[in-house]
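Following: one structure in structure tokens, then a few remarks.
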Amino acid sequence: MAERLTLAALGPGSPIHVGSAGTRARPGLPMAERASGVLLRLGGDPGGFASRPLTAEEVARADLVLAASAEHRAEAVALHPVAAPRAFTIVEFGALARAVPAGRVLGHEDSVRRARALREEAAALRGLVRVERPDIDDPYGGPRRAYREAARRIADALAVPLRLLTRT
1 MAERLTLAAL GPGSPIHVGS AGTRARPGLP MAERASGVLL RLGGDPGGFA SRPLTAEEVA
61 RADLVLAASA EHRAEAVALH PVAAPRAFTI VEFGALARAV PAGRVLGHED SVRRARALRE
121 EAAALRGLVR VERPDIDDPY GGPRRAYREA ARRIADALAV PLRLLTRT
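Take the sequence shown: its position 62, counted from the start at 1, is 62 in the UniProt record's numbering, and no numbers get skipped.
Following this line, the structure appears as structure tokens:
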């Protein structure tokens, strides 16, 4: 859901590449029906989604790695340990982004540079900002309310970072 909510916020033609892969994903599965329904109500597009496992190469290439939980973050970093400074939980990244002075990000003309600046500024604040409930519970197989709660927490956490990237 995080990938599709981010893509919707960035809009078509964004130079920022957004991908999604799971630390325990079985390849080729469609998005869970409950996730699709929740995503559609929030303006995301579940079309064409197929699950895929996270690879070391993807972690190595990523400028930013966001995970639903600290456990997933650790599993991603284990694939490519050098990525640790640029890997966060979604909630952690959102909390850190809220503490970053906007001028340090908005001063960059293009969204890719803003994204990299935001990542660096957020990393510099690690340990200085209290992060409440950094993990988002995995709703997979759960009731619709679990998907709604996960989507709400994702959207809340990503609201400030996405506003900074899109200047909205």
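Using N, Cα and C, we set each Cβ at its ideal position, and we do this for glycine too. A quick note: this is a predicted structure, and the numbers were derived from the prediction, not measured.
Q. What residues are listed by DSSP as bridge partners for residue 88?
A. For this step, residue 88 is matched to residue 88 along the sequence shown. For residue 88, which the question treats as bridged, DSSP gives the partners 66.
Q) In its own chain, which residues sit with a C-beta less than 6 Å from the C-beta of residue 20, not counting the 5 before and 5 after it? A) For the purposes of this step, residue 20 is identified with residue 20 of the sequence shown, where counting begins at 1. The beta carbon of residue 20 is closer than 6 Å to those of 3 in its chain, skipping five residues each way along the sequence.
Q: Measure how close the beta-carbons of residue 77 and residue 68 come, nearest whole angstrom, since I'm counting them as under 8 Å.
A: Along the sequence shown, one-based indexing puts residue 77 at 77. Along the sequence shown, one-based indexing puts residue 68 at 68. Going by Cβ atoms, the distance from residue 77 to residue 68 rounds to 14 Å, so no, they are not a contact pair.
Q | Selected residue, minimal CA-CA separation from residue 105, among 55, 168, 54 | A | The residue given as residue 105 occupies position 105 in the sequence shown. Of the candidates 55, 168, 54, the one whose C-alpha sits nearest the C-alpha of residue 105 is 168.
**Q.** Closest by C-alpha distance to residue 159, when choosing among 132, 91, 135
**A.** The sequence position of residue 159 within the sequence shown is 159, counting from 1. Closest by alpha carbon: 91.
**Q.** Enclosing alpha helix (DSSP H) for residue 161 [first to last residue]
**A.** Start at 1 with the first residue of the sequence shown, and residue 161 comes out as number 161. Counting along the chain, residue 161 sits inside the alpha helix (DSSP H) bounded by residues 144–166.
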